[in-house]
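As structure tokens, the structure follows; a few thoughts come after it.
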Ligand code: SF4
Ligand code: SF4
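Numbering (the numbering used here), first residue to last: 568 to 943.
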């Protein structure tokens, strides 16, 4: 597919030997780890908290839209800004605007702050957003667990299909990056100020509220596929995850296996939701690693597997799971708290504009390149 090997690292270690082999490794003595692992408790708590936060945001946004649609005079003038987290393309456009002008955009600034937070998180802790925070990732993970309950396991797609399919999310990302790369700062600002840009969140809500037959079929297929194949959406289709994967490639933090204490039990590779050959590699550089720490949690051998900073010290500096959990929280609340404190979190749109546009959001069309509304 022409993509760097770290993006599409081999995911299915060869385990085709059935009998004793001259290359079989000598069985190593297990020095069992005594510490209890709390990484999965922490991760699942974060997932639950972020899912609840998004349900609350979605509910608040829905009622805000309904109040404007029904003309309730008490309607708040602004929507909950956190809903901008569901507009990653707006986040990418606003980031480009900020880099070009040095100015924080006035429409959907929260989308940019959240994107920057998650990019920084990917640099520090691999694609931790995907496995610790993303509500779609959480739902996808639980659908996979449901599949495990029903069938006793999840299914793996043949490698010759799996690898090109994994490239799909990079092509989707490439399309969005290409579309945004041709826009100047003025074009981005005009796009955001267009009717479509102002009510982009409402349009997304309308998509789910008034889903047509095709939409229902597509969502149904994705849900069903996620029951059979672990993290189907994240693995093959999510362009946001693909973008965070690129940031994670720059990360000095890696999952690292110490060959000496490792007893080659293969449990880490078996549990890895990204099907990475953790038991065969020393450091996991792949952009597919989501920093879920499931491999670390299941490893029975003392000091065999950990999150570490391999380049900076010998032996590599280990990062305990509590430090990762704390780092994720500090980053998230730090950036969001800063943006709120300095008054940069909310869109600056007069309430009268929302009152006029929201009830007719379905009629707002996507501005096309060359459209005078977003002309350079
Ligand atoms: S199980 Fe380990 S290697 Fe696999 S995605 Fe999670 S942290 Fe990365
Ligand atoms: S879980 Fe992986 S790292 Fe741990 S002992 Fe088994 S093969 Fe080695």
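For glycine and all other residues, C-beta sits at the position ideal for the given N, C-alpha and C.
Beta-carbon gap between residue i and residue j smaller than 9 Å
i	j	result
residue 882	residue 857	no
residue 644	residue 918	yes
residue 680	residue 688	no
residue 807	residue 733	no
residue 655	residue 677	no
residue 683	residue 902	yes
residue 710	residue 793	yes
residue 897	residue 862	no
residue 746	residue 664	no
residue 722	residue 795	yes
residue 816	residue 852	yes
residue 832	residue 868	yes
residue 859	residue 698	yes
residue 787	residue 651	no
residue 850	residue 828	no
residue 705	residue 617	yes
residue 685	residue 894	no
residue 666	residue 766	no
residue 830	residue 597	yes
Closest Cα partner of residue i within the set the options
i	options	result
residue 824	844, 810, 812	844
residue 778	744, 929, 850, 726	929
residue 694	782, 900, 871, 805	805
residue 887	822, 622, 726	822
residue 708	745, 619, 846, 799	799
residue 594	898, 859, 912, 826	826
residue 540	744, 765, 863	Look at the range of the chain in this structure, 568 to 943, and you will see that residue 540 is not part of it.
residue 773	722, 629, 846, 751	629
residue 670	748, 657, 861, 756	756
residue 729	855, 861, 600, 905	855
residue 945	597, 615, 608, 913	The question about residue 945 has no answer, for the chain in this structure spans 568 to 943.
residue 790	906, 916, 703	703
residue 605	920, 706, 889	889
residue 797	782, 848, 724, 847	724
residue 602	820, 717, 848, 870	870
residue 819	885, 717, 780, 626	885
residue 921	600, 634, 615	634
residue 962	614, 748, 879	In this structure the chain extends from 568 to 943, so residue 962 is not present and cannot be described.
Cβ-based neighbour list, residue i, same chain, cut-off 8 Å, excluding 5 preceding and 5 following
i	result
residue 763	770, 931, 932, 933, 934
residue 620	649
residue 715	721
residue 599	867, 868, 869
residue 913	645, 648, 676, 677
residue 906	676, 677, 680, 912
Contacting residues, own chain, Cβ-Cβ under 7 Å from residue i (five flanking each side not counted)
i	result
residue 590	At residue 590 the pLDDT is 45, less than 50, meaning the model places this residue with poor confidence and gives no usable figure here.
residue 588	Confidence in residue 588 is poor, its pLDDT being 42 and thus under 50, which makes the residue's placement too unreliable to answer from.
residue 866	834, 835, 872
residue 627	647
residue 814	686, 689, 690
residue 742	none
Any non-hydrogen atom of ligand 2 closer than 8 Å to residue i Cβ
i	result
residue 824	yes
residue 867	yes
residue 746	no
residue 871	yes
residue 836	yes
residue 856	no
residue 845	yes
residue 788	no
residue 830	yes
Residue i beta carbon near ligand 1 (any heavy atom closer than 8 Å)
i	result
residue 851	yes
residue 705	no
residue 840	yes
residue 708	no
residue 862	yes
residue 698	yes
residue 693	yes
residue 859	yes
Beta-carbon proximity list for residue i, same chain, < 6 Å, skipping 5 on both sides
i	result
residue 636	926
residue 712	none
residue 809	736, 737, 740
residue 624	647, 649, 650
residue 911	671, 676
Residue i at chain B interface by Cβ criterion, 9 Å
i	result
residue 598	The structure shown has no chain B; it contains just one protein chain.
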